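Student: Shown below is the structure under consideration.
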Amino acid sequence: MPMKVLITGGAGFIGSTVASAFVERGVTPVVLDSLVTGRQEFTDGKIFYQGDIGDGALIDGIFRDHPDIAVTVHCAALIVVPESMADPQRYYRVNLAKTLELAGHLVRNRCDRMIFASTAGMYRPEADLSVTETSALEPQNPYTRSKMMAELMLEDLSAAYGLRVISLRYLNPIGADPRMRTGLQHSRPSHALGKMIQSYEQGVPFRITGVGWETRDGTAIRDYIHVWDIARAFYEAASRFDAILPPVQAAGRQRGYQVINLGTGDGTTVRELVDAFREVVGDGFQAEEAPARPGDVVGAFVDPAKARELLGWRPEYTIEEAIRHSLQWAARRRELDVA
Numbered sequence: 038m039p040m041k042v043l044i045t046g047g048a049g050f051i052g053s054t055v056a057s058a059f060v061e062r063g064v065t066p067v068v069l070d071s072l073v074t075g076r077q078e079f080t081d082g083k084i085f086y087q088g089d090i091g092d093g094a095l096i097d098g099i100f101r102d103h104p105d106i107a108v109t110v111h112c113a114a115l116i117v118v119p120e121s122m123a124d125p126q127r128y129y130r131v132n133l134a135k136t137l138e139l140a141g142h143l144v145r146n147r148c149d150r151m152i153f154a155s156t157a158g159m160y161r162p163e164a165d166l167s168v169t170e171t172s173a174l175e176p177q178n179p180y181t182r183s184k185m186m187a188e189l190m191l192e193d194l195s196a197a198y199g200l201r202v203i204s205l206r207y208l209n210p211i212g213a214d215p216r217m218r219t220g221l222q223h224s225r226p227s228h229a230l231g232k233m234i235q236s237y238e239q240g241v242p243f244r245i246t247g248v249g250w251e252t253r254d255g256t257a258i259r260d261y262i263h264v265w266d267i268a269r270a271f272y273e274a275a276s277r278f279d280a281i282l283p284p285v286q287a288a289g290r291q292r293g294y295q296v297i298n299l300g301t302g303d304g305t306t307v308r309e310l311v312d313a314f315r316e317v318v319g320d321g322f323q324a325e326e327a328p329a330r331p332g333d334v335v336g337a338f339v340d341p342a343k344a345r346e347l348l349g350w351r352p353e354y355t356i357e358e359a360i361r362h363s364l365q366w367a368a369r370r371r372e373l374d375v376a
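Here you go:
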């Protein structure tokens, strides 16, 4: 019998791409999204419920309608770092308190499998700027702190109530669904690639802010990963869930929590991102060096060894392909916004 999964935040960037990856592999997604940041058209052709993850009556109704839901993929969250610093109360309410409510609703409905969309931004980087699952936790802003706190809470719940949780932590998703069904909802993304696309479209030089970092070329490093590669990892986690986290036995309760990092293993510096962007759009793309901005950080990249071992997963798309898909989606989003 085909698997059915509940995807919270399934009308957002990550959740909608995960939903499409599941569909292509014969899995039926049931999408729950408040549409506060998600897009209605991202739910087209899917089972869709509009509402809040904290609404117990709604969650109960979803499980009455779909008692065969095997896994919940929890992508619903607020994710913009500067916004979290300006309004931390909202971030803790949505990312922490509502995750607690959702977990309670899942336990009540006997859905004991959750895959949690998290962030590797909660780690303190090692000396070589890598992070692994054993790196120290040192979140730097309310967004990453809210995700860390939600994970600690879910781990406690897993020990007490038999909820099993796989947390997938990653850093910088870019690109779009390769078939252009979904992508970033926002026309002005704040990451470096988004700024490059804006500079390219406006015909002005892109500013490389900070060239004195201790990296291989002096510019900051990020771990950009194609969103479709991330979506594939969610599918692998769902399909292998019981092998990764076997059902909890009544006697001798075992740990029902597992963290798996997703990343490229070496990251991309800003200068390398500029070079890759030129490979896609041509040598006319201009960039200029500028001083680092207050609050800028050197960055980090993720060691994906555990994902290779447990999920059989590694990134497949190149940075150039991710850039190309991001540019195609930017044009597609403009069409959707005009329509």
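Numbering (the numbering used here), first residue to last: 38 to 376. Beta carbons: idealized from backbone N, C-alpha and C, even for Gly. Since we're looking at a predicted model, the values are computed, not measured.
May I ask you to report which of helix, strand or coil DSSP gives M323?
Tutor: Reading off the sequence shown, one finds Gln at residue 323, where the question assumed Met. Reduced to three states, the DSSP call for Q323 is coil.
Student: When you compare each of P104, A113 and L95 to S53 by their alpha carbons, which one comes out closest?
Tutor: The residue among P104, A113 and L95 with its C-alpha nearest the C-alpha of S53 is A113.
Student: Return the first residue and the last residue of the alpha helix (DSSP H) that D333 is part of.
Tutor: Element bounds for D333: n/a, residue is neither H nor E.
Student: When the Cβ atoms of the region 120-134 are set against those of the region 55-69, are three or more pairs found closer than 8 angstroms?
Tutor: no
Student: Using only the alpha-carbon positions, how far apart do T246 and L282 sit?
Tutor: 43 angstroms
Student: Rounded to whole angstroms, what's the CA-CA distance from Y454 to R147? Just pull it up for me.
Tutor: Summary: the structure shown does not reach residue 454, with the chain confined to residues 38 through 376, and so no result is reported for it.
Student: When you compare the CB positions of E316 and E353, do they come within less than 9 angstroms of one another, or not?
Tutor: no
Student: Assess contact between the region 210-227 and the region 166-180, defined as three or more Cβ pairs (one per stretch) separated by less than 8 angstroms. Is contact present?
Tutor: no
Student: What are the boundary residues of the beta strand (DSSP E) that M186 is part of?
Tutor: Segment P179 to Y198 is the alpha helix (DSSP H) holding M186; no beta strand (DSSP E) there.
Student: On the three-state DSSP scale, how would you describe R201?
Tutor: strand
Student: Kindly list the residues whose CB is nearer than 7 angstroms to the CB of S195, restricted to its own chain and excluding five residues on each side of it in sequence; keep chain order.
Tutor: R201, V202, G293 and Y294
Student: Once DSSP output is grouped into helix, strand and coil, what is the label at M40?
Tutor: coil
Student: Please classify L373 as buried or exposed, where buried requires at least 16 other C-beta atoms within 10 Å of its C-beta.
Tutor: exposed
Student: Would DSSP call L373 helix, strand or coil?
Tutor: helix
Student: Using only CA atoms, which one of M159, L208, I106 and L310 lies nearest to R184?
Tutor: Sequence inspection shows Lys at residue 184; the Arg mentioned does not correspond to that position. Taking only the C-alpha atoms, the option nearest K184 is M159.
Student: What whole-angstrom Cβ distance do Y207 and V339 have, given they're in contact under 8 angstroms?
Tutor: 7 angstroms
Student: Does DSSP classify H228 as helix, strand or coil?
Tutor: coil
Student: For a test of the three-state rule: what should DSSP assign to N146, helix, strand or coil?
Tutor: coil
Student: Mind checking who H263 pairs with in its DSSP beta bridge?
Tutor: I211
Student: For M159, which beta-bridge partners are listed by DSSP?
Tutor: Per DSSP, none; premise fails for M159.
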